[in-house]
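Residue numbers (my numbering), protein chains in the order written: chain A, 547 to 784; chain B, 2 to 302. For glycine and all other residues, C-beta sits at the position ideal for the given N, C-alpha and C. Given the structure is predicted, the values throughout are model-derived calculations rather than measurements.
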Amino acid sequence: MAVAEREHAAVEVVDLGTTSLRELNQRLHDLAGGAPGPRHFRILNPSGAHAVACGLDAEIGVEIEGHVGYYCAGMNQLATVRVHGNASTGIAENMMSGRVLVDGNVSQSAGATGRGGLLVVRGNASSRCGISMKGIDIVVGGSVGHMSAFMAQTGCLVVCGDSGEALGDSIYEARLYVRGSVASLGADCIEKELRDEHVEQVRGLLEAAAIDADPSEFRRYGSARQLYTFKVDNAAAY
Amino acid sequence: MCGIVGLFAKSPEIEERLGVHLAAMLVQMSSRGPDSAGVAVYRDRAPSGSSKLTLYSADPHERWGAVRDELCDAFGMCAEPSVRASHAVLVVAAEAADAETWVREHRPDLRVMSVGEVIEIYKETGLPEEFARAFRLEDFRGTHALGHTRMATESRVTTEGSHPFSTGLDLCLVHNGSLSNHNRLRQNLRREGIEFQTDNDTEVAAGYLAWRLREGASLEEALEGCLDDLDGFYTFAVGTADGFAVLRDPIACKPAVLAETDEWVAMSSEWRSIAMLPGAADARAWEPEPGVVYAWEKALV
Numbered sequence: 547m548a549v550a551e552r553e554h555a556a557v558e559v560v561d562l563g564t565t566s567l568r569e570l571n572q573r574l575h576d577l578a579g580g581a582p583g584p585r586h587f588r589i590l591n592p593s594g595a596h597a598v599a600c601g602l603d604a605e606i607g608v609e610i611e612g613h614v615g616y617y618c619a620g621m622n623q624l625a626t627v628r629v630h631g632n633a634s635t636g637i638a639e640n641m642m643s644g645r646v647l648v649d650g651n652v653s654q655s656a657g658a659t660g661r662g663g664l665l666v667v668r669g670n671a672s673s674r675c676g677i678s679m680k681g682i683d684i685v686v687g688g689s690v691g692h693m694s695a696f697m698a699q700t701g702c703l704v705v706c707g708d709s710g711e712a713l714g715d716s717i718y719e720a721r722l723y724v725r726g727s728v729a730s731l732g733a734d735c736i737e738k739e740l741r742d743e744h745v746e747q748v749r750g751l752l753e754a755a756a757i758d759a760d761p762s763e764f765r766r767y768g769s770a771r772q773l774y775t776f777k778v779d780n781a782a783a784y
Numbered sequence: 002m003c004g005i006v007g008l009f010a011k012s013p014e015i016e017e018r019l020g021v022h023l024a025a026m027l028v029q030m031s032s033r034g035p036d037s038a039g040v041a042v043y044r045d046r047a048p049s050g051s052s053k054l055t056l057y058s059a060d061p062h063e064r065w066g067a068v069r070d071e072l073c074d075a076f077g078m079c080a081e082p083s084v085r086a087s088h089a090v091l092v093v094a095a096e097a098a099d100a101e102t103w104v105r106e107h108r109p110d111l112r113v114m115s116v117g118e119v120i121e122i123y124k125e126t127g128l129p130e131e132f133a134r135a136f137r138l139e140d141f142r143g144t145h146a147l148g149h150t151r152m153a154t155e156s157r158v159t160t161e162g163s164h165p166f167s168t169g170l171d172l173c174l175v176h177n178g179s180l181s182n183h184n185r186l187r188q189n190l191r192r193e194g195i196e197f198q199t200d201n202d203t204e205v206a207a208g209y210l211a212w213r214l215r216e217g218a219s220l221e222e223a224l225e226g227c228l229d230d231l232d233g234f235y236t237f238a239v240g241t242a243d244g245f246a247v248l249r250d251p252i253a254c255k256p257a258v259l260a261e262t263d264e265w266v267a268m269s270s271e272w273r274s275i276a277m278l279p280g281a282a283d284a285r286a287w288e289p290e291p292g293v294v295y296a297w298e299k300a301l302v
């Protein structure tokens, strides 16, 4: 068998028009802990199904051809999941590590409570993007809706377009970078100086997201530290 | 929870199979609302000078022929009833308001589900799939339709508490969400002469729209009034003789997705429903902005 053929054979194609979602997710879960099996999957006909490729824990690549429903790639660890379409509520919610990439738009609560990894949305994200994020990095090529980064604790939210109302309401120590306009800032969220280290951070995230934008054009927002009990002695923990 | 679907035909092919598409969309929303289901279908305009009533009877052996005879005696002419499960559509040679008043006075045991020239509303408790079968949804051809699957939170699971709710001639409302100021608002609207049949929150929103429209507001103005006067969560879809409109509350907790092709405009609580439509994969799809009224009308498309 030629190399190209072997590589082709290594991609497992799963059609959700004929295979149940439970079967698919079980197949992907069985690869946890480095178990033998294909490392690349193509999923056809998701048709807005919920919880597609949820709870993965393996260094595998999953390409989804179409729009997905709620909680796609939720709780992801290690895997790279790409949605060639739009995603509904809670894409990559509570992600621990790995990457989730969406070519289209995403609905509310994208990357909610995420603890690690990178979420890239090439289109727009609607309300509550990055709500309660705890270490995940999120890069949005378009704009985000209202109440984004609500109670965001750590990690970065990079928005290449505009932000809706109440950005960063009740924010803790997450860093918010927005290139366009911000409709309004939420409680205890303020604009902060964009220093060289921040430009470099944005540059790195844009590169990782493969999104072409000038990092020096962004403005930085974060916590005024008036609403929660910030102790400078604990700064290293944030 | 609850699920909402809407479909607006832009081609004769979609009009021809409106009911098939509507049923497929509705069944996809079963998990959001297994308690009851309902549809408003806009089809078969009543002849000039006539109006169309959709009536519901709790009596499974209702003699609809006798109802028709009584209407004939009262108004001179009434077409054969078109019966689907517990509902019947009657086309009467009378003004819509007169026909409705007659039913309320002479047959208080029947419920008037809808009244107008083109609208027909059907709703019943039970799973959406059973509803679609019992009411032969796949038969329907028409210009546009709304559908609803209900998971009851505010009031009992009954036929009357199911959606859509009539909000006036050829108008209806479906709702995903819950309203918290409906008791006070119901009292206020009763003083304005708006009647209510249930303790359901959505019926109050329907009554509110009916009142605003009666007072001269445009549909868009009436919907925008909801942003100030209704407290709670909602995604609304309103059906009119010519199309439908969609509104989400400013917080936008309740989902909605819109999509459009050259053949149709569709709205749903989730993409799963829209995915059932022909050409969905290539449709332009987007999430409606909170607090913004979106409307499609036959004349505008």
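So, for residue i: in the same chain, excluding its five sequence neighbours on each side, which residues have a beta-carbon less than 7 Å away from its beta-carbon?
{"i": "A211(B)", "result": "T168, G169, I195"}
{"i": "Q29(B)", "result": "R273, S274, M277"}
{"i": "E288(B)", "result": "A257, V258"}
{"i": "E16(B)", "result": "A10, R142, G143, T144"}
{"i": "Q772(A)", "result": "D734"}
Can you find the residues in the same chain that come closer than 6 Å, C-beta to C-beta, to residue i, ignoring five residues on each side of it along the sequence?
{"i": "D36(B)", "result": "R151, M152, A153, V158"}
{"i": "A47(B)", "result": "K53, V92, E118"}
{"i": "G226(B)", "result": "R213"}
{"i": "C675(A)", "result": "A656, V690, S694"}
{"i": "L301(B)", "result": "Low confidence applies to L301(B): its pLDDT is 47, below 50, so where it sits in the model is not reliable, and the reading given next is rough at best. Answer for L301(B): no residue qualifies."}
{"i": "M547(A)", "result": "Residue placement at M547(A) cannot be trusted, given a pLDDT of 46 that sits under 50; what the coordinates show is reported in the next sentence. Hits under 6 Å: none found."}
{"i": "E155(B)", "result": "S179, D202"}
{"i": "A781(A)", "result": "none"}
{"i": "H554(A)", "result": "Its pLDDT being 47, under 50, H554(A) is placed unreliably by the model, and nothing is read from it."}
{"i": "G607(A)", "result": "H586, T626"}
{"i": "V629(A)", "result": "I610, V614, V648"}
Just to confirm my understanding: we take residue i, look at its own chain, exclude 5 residues before and 5 after, and list those with CB closer than 8 Å. What are they?
{"i": "N640(A)", "result": "G620, M621, A658, T659, G660, R661"}
{"i": "G768(A)", "result": "G714, I717, E719, A720, R721, L722, C735, I736, K738"}
{"i": "A595(A)", "result": "L562, L567, V614, G615"}
{"i": "T126(B)", "result": "D36, S37, V158, T159, T160, S163"}
{"i": "W103(B)", "result": "L72, A75, F76, A95"}
Please state whether the Cβ-Cβ distance between residue i and residue j is less than 8 Å.
{"i": "L562(A)", "j": "L570(A)", "result": "yes"}
{"i": "G710(A)", "j": "V686(A)", "result": "no"}
{"i": "E271(B)", "j": "G663(A)", "result": "no"}
{"i": "V724(A)", "j": "V748(A)", "result": "no"}
{"i": "E609(A)", "j": "R588(A)", "result": "yes"}
{"i": "G20(B)", "j": "F141(B)", "result": "yes"}
{"i": "R64(B)", "j": "F136(B)", "result": "no"}
{"i": "E130(B)", "j": "S31(B)", "result": "yes"}
{"i": "S653(A)", "j": "S634(A)", "result": "yes"}
{"i": "S83(B)", "j": "Y57(B)", "result": "no"}
{"i": "A281(B)", "j": "A260(B)", "result": "yes"}
{"i": "F166(B)", "j": "A218(B)", "result": "no"}
{"i": "A94(B)", "j": "S51(B)", "result": "yes"}
{"i": "I682(A)", "j": "G669(A)", "result": "no"}
{"i": "R765(A)", "j": "L731(A)", "result": "no"}
{"i": "N182(B)", "j": "L231(B)", "result": "yes"}
{"i": "H149(B)", "j": "G39(B)", "result": "yes"}
Whose CA, out of the options, lies closest to the CA of residue i?
{"i": "A296(B)", "options": "H145(B), G4(B), E96(B), E216(B)", "result": "H145(B)"}
{"i": "V666(A)", "options": "G688(A), K680(A), P592(A)", "result": "G688(A)"}
{"i": "E96(B)", "options": "A41(B), I15(B), V116(B)", "result": "V116(B)"}
{"i": "R44(B)", "options": "L224(B), E121(B), A218(B)", "result": "E121(B)"}
{"i": "R285(B)", "options": "R588(A), A578(A), G650(A)", "result": "G650(A)"}
{"i": "G1(B)", "options": "E216(B), D140(B), N184(B)", "result": "Beyond the ends of chain B as shown, which are 2 and 302, falls residue 1(B); an answer cannot be given."}
{"i": "A581(A)", "options": "R668(A), V598(A), E605(A)", "result": "E605(A)"}
{"i": "Q623(A)", "options": "V629(A), N632(A), A638(A), S653(A)", "result": "A638(A)"}
{"i": "A41(B)", "options": "D243(B), T262(B), R249(B)", "result": "D243(B)"}
{"i": "A89(B)", "options": "Y123(B), D99(B), V104(B), R108(B)", "result": "Y123(B)"}
{"i": "G4(B)", "options": "A24(B), G34(B), L111(B), E290(B)", "result": "G34(B)"}
{"i": "V294(B)", "options": "P279(B), R134(B), A80(B), L228(B)", "result": "L228(B)"}
{"i": "V557(A)", "options": "L740(A), D576(A), G583(A)", "result": "G583(A)"}
{"i": "A729(A)", "options": "G631(A), H692(A), G750(A)", "result": "H692(A)"}
The ligand PLP heavy atoms versus the CB of residue i: any closer than 7 Å?
{"i": "L703(A)", "result": "Absence of the ligand PLP from the depicted structure is noted, as is the absence of any ligand whatsoever, leaving it without description."}
Answer with yes or no whether the minimum CB distance from residue i to chain D is below 8 Å.
{"i": "N651(A)", "result": "Judged by its chain identifiers, the structure shown contains no chain D, and its protein chains are A and B."}
Proximal residues, the segment 620-634 of chain A versus chain B, C-beta separation under 7 Å: N632, S634: these are the residues of the segment 620-634 of chain A whose beta carbon lies less than 7 Å from some beta carbon of chain B, given in chain order.
Residues within the segment 586-601 of chain A neighbouring chain B, beta-carbon criterion of under 9 Å: N591, P592, S593, G594, A595, H596
With a cut-off of 8 Å, do at least 3 Cβ pairs link the segment 749-763 of chain A to the segment 2-16 of chain B? Touching, no.
Closer than 8 Å is the cut-off here; do at least three beta carbon pairs connect the segment 229-247 of chain B with the segment 168-188 of chain B? yes
Is there contact between the segment 182-193 of chain B and the segment 72-80 of chain B, where contact requires at least three CB pairs shorter than 8 Å? no
For the segment 727-761 of chain A, which residues have a beta carbon sitting closer than 7 Å to at least one beta carbon of chain B? Residues are counted here when their Cβ sits less than 7 Å from a Cβ of chain B; for the segment 727-761 of chain A the count is zero.
For the pair the segment 217-224 of chain B and the segment 252-270 of chain B, tell me if three or more CB-CB distances fall below 8 Å. A contact is defined here as three or more CB-CB pairs under 8 Å, and the segment 217-224 of chain B fails this definition with respect to the segment 252-270 of chain B.
For the segment 243-274 of chain B, which residues have a beta carbon sitting closer than 7 Å to at least one beta carbon of chain A? When CB distances to chain A are screened at a threshold of 7 Å, the residues of the segment 243-274 of chain B falling below it are A253, P256, E271, W272, R273, in chain order.
Quick one, which residues of the segment 24-48 of chain B are near chain A if we go by CB-CB under 7 Å, in chain order? Within the segment 24-48 of chain B, not one residue has a Cβ closer than 7 Å to any Cβ of chain A.
Output, in sequence order along the chain, the residues in the segment 661-682 of chain A whose CB is closer than 8 Å to any CB in chain B. S672, S673
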